[in-house]
Amino acid sequence: MGMGSNRGGGGRVTMSEINVTPMVDVMLVLLIIFMVTAPLIQQGVKVNLPEAKAAPVEASEKKLVLSIDAQRHVYIGEAEIPVDELEKKLASNAKAQADKEVYLHADRDVPYGVVVDVMAAAQRAGITNVGMITDPTGTGRASKGKKEARR
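Numbering (our numbering), first residue to last: 55 to 205.
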């Protein structure tokens, strides 16, 4: 009265087939999830980013600053450097090579591509850390005037 089998051993016979139905169900659910979310990831979502109010960081020592003015002139400290010579100048600058760090101070009206070109030149020169310098918002009279103009 145990398990019925055609073999004469009288022992238990184990089932050697795996039930794949639960695995197929899980895979179909995952496939549906990926089919629904993939188009959302590729298109992106338009958002209105908030303004950041950050306190200035106090630096105890002088750091090397790259500046880009509105006319797209590039400066190391206060010395103007042609963009095509920037990589060579940074590679030969002892302070930049010792720290492997520069700070980028770019005018708001400079096109994004110019800023990327300067950052790429710094990277090719061996600079691994590039910090961005900004003016803090929410301090002074200029930001109050902007807030009043928006109302």
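Cβ coordinates follow ideal geometry from the N, Cα and C atoms, glycine included. This one's a predicted model, so the numbers in the text were calculated from it and none came from an experiment.
Going by C-alpha positions, V78 is about 33 Å away from G65. The DSSP-derived three-state label of E134 is strand.
Contact check for A124 against G180 fails: the beta carbons are separated by 8 Å or more. Judged by DSSP in its simplified three-state form, S146 adopts helix.
Assigned with DSSP and collapsed to three states, I87 falls in helix. Note on geometry: alpha-carbon atoms of L118 and I86 lie some 52 Å from one another.
Here V172 is buried, its C-beta having at least 16 other C-beta atoms within 10 Å. For M173, the uninterrupted alpha helix (DSSP H) run begins and ends at Y166 to R178, by DSSP. A distance below 6 Å between beta-carbons, with the five flanking residues on each side excluded, links I187 to the following residues of its chain, in chain order: Y157 and H159.
Collapsing the DSSP output to three states places M81 in a helix.
A straight-line Cα-Cα distance of about 50 Å links L84 and V137. Considering only A150, Q151, D153 and D161, the residue with the shortest C-alpha distance to V128 is D161.
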